[in-house]
Structures are given as structure tokens and as C-alpha cells.
Amino acid sequence: MKNKCIIIAPSILSADFANLQTEIEKIENAGADWVHIDVMDGNFVPNITIGVPVVKSIRKVTKMILDVHLMIENPQKYIKDFSLAGSDIITFHYEAAKENVFDVIKLIKSYGKKAGISIKPCTKVQEIKPYLKDLDLILVMTVEPGFGGQKFMSECAEKIKEISSISDTSIIIEVDGGINDKTAKICKDLGANALVAGNYVFSSNDIKMAIDLLR
Ligand code: DX5
Ligand code: ZN
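Numbering (our numbering), first residue to last: 8 to 222.
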């Protein structure tokens, strides 16, 4: 049975960057809900990926929700640029925002965007508890952020259940890292309602089937 309530957000980190528009059209036609865009600065994480100009270009070729995942130090410095580039959801890392978490959330909302916070595998749910009421989305990392195609860490997925038990039902619980048809089921059973998948979707010969299987 297809679960329509589960949001599927393919991560374009695993797409062919030389043909990004075609890749985005492919996932859109296959029924994806959001485009997950991984922004990395080579500082917060060891890898460097996409920046503001690419988000701006993607905005021009799709109406899908742009789910921007900032894996960068000093996120507050870049919220304005990523907002104006056309992001719909901006998720920053708790570990990067340090004492500025409330300010970053406020800033994202001041641009009329949805605000998300992400936690690395080593971060406990208790640490973000004070911010839950102000957030639209929590992104649980089930790999160390930085690269696509890594192995799912099931112990991190347990956090989904904990978040779901202490947060409002309107909050989106998204999971990112090592998601395939099997790990998706684990996450959904624990209470996740949005799934990011890079490698699983883009390496598939049948993207529509891959997305349907995730749902
Ligand atoms: C990792 C990124 C993920 C990544 C997921 O740091 O945040 O979004 O693209 O890739 P897969 O689904 O291949 O693990
Ligand atoms: Zn991501």
C-alpha cells in the first residue's frame, strides 16, 4: 500500500550535476515531493558541494519544494542568501549554530521560510528539546554528514521515536542517510514522515519504482 503521507525528498547530491535540470525533472515526474539540496562548506563537514547560485538556478526549473540542508559553520551568515535564492525549507545544524539556535530559527522565519534543525549521530535529542516548539522540521542524520552512499546507522534512527514522543504532531520528522526500501520502513515505523534518499533513488534504473518503494 502506498503511503501518501510520507514525504519523499531525493537528495541531488547523487544526481548527475552536468544534467541537473533533467535529473530534477526525472524525480518530479516520478512523484518526488521535495528536492533535498545538500550544502557543504568543507569546514563543518569535510566535503564541498552546492552553494547559493545553484539553488537559484534550481528554483527556476522546478516548482517542487526546495529542502535545503545546510552543513555549514555560521549558518546565520547565509540564511538571507539561501532564502532569496528560493529555498522553501532551510535546515541548519544544531552543532554549527552553537548559542545562536533561537536567532537562526527567527531569521529563517523572518524570510517566510520553514525552519529545520538537524542533529549529527553524536547529538542527543535532549539537547534540541528547548527548540522543538519553534521548529517546523527536525532532520535526524543516520550517517555522519558529508557524503552520500554511506551505511545507515540504526542506533541513530531510535531518536526518531524519542522526538516523536515529545514533539507536536505538526512537526515534520525527516531522516537522512543510508535510506533505501528496507531502512525506510524502519524509519517510518519509528515515526518519521519525511525521507531523504540520494544514492538509492539516483542509482535506480526505475526512479518511480524506487520512490514508490520508499513510500
Ligand atoms: C549526507 C547528506 C545526505 C546524502 C544522503 O551528508 O546530508 O542528504 O545525500 O545520501 P544517501 O541517501 O546516499 O545516504
Ligand atoms: Zn542531506
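Glycine included, C-beta positions come from ideal geometry on N, C-alpha and C.
Nothing here was measured: the structure is a model prediction, and the numbers come from that model.
Whole-angstrom distance between residue j and residue i, CA atom to CA atom
i: Thr69; j: Lys189; result: 29 Å
i: Thr130; j: Ser90; result: 26 Å
i: Lys9; j: Gly38; result: Its pLDDT being 49, under 50, Lys9 is placed unreliably by the model, and the measurement read from it follows with that caveat. Roughly 12 Å separates the two Cα atoms.
i: Gly185; j: Met160; result: 8 Å
i: Ile13; j: Ile34; result: 16 Å
i: Ile115; j: Val46; result: 16 Å
i: Glu106; j: Val59; result: 25 Å
i: Cys194; j: Ser125; result: 16 Å
Proximity to residue i [Cα-Cα], best of the options
i: Val208; options: Val42, Ala25, Cys12; result: Val42
i: Ser171; options: Val150, Asn26, Lys136, Thr149; result: Lys136
i: Arg222; options: Asp196, Asn212, Ser210, Ile173; result: Asp196
i: Lys67; options: Ser174, Asp141, Ala92, Gln133; result: Ala92
Residue i (DSSP reduced to helix, strand or coil)
i: Val150; result: coil
i: Ser18; result: strand
i: Ala217; result: helix
i: Ser161; result: helix
i: Asn107; result: helix
i: Ser117; result: helix
i: Ala37; result: coil
i: Val203; result: strand
i: Glu181; result: strand
i: Thr190; result: helix
i: Thr69; result: coil
i: Leu142; result: coil
Residue i classed as buried or exposed, judged by whether at least 16 other C-beta atoms fall within 10 angstroms
i: Ser18; result: buried
i: Asp23; result: exposed
i: Ile55; result: exposed
i: Ala25; result: exposed
i: Phe99; result: buried
i: Asp183; result: buried
Residue-level contact to chain B via CB, residue i, 8 Å cutoff
i: Lys113; result: Among the chains of the structure shown, chain B does not appear; only one protein chain is present.
Item to check | Meets three-Cβ-pair contact criterion under 8 Å: the stretch 111 to 121 and the stretch 154 to 173 | outcome: no
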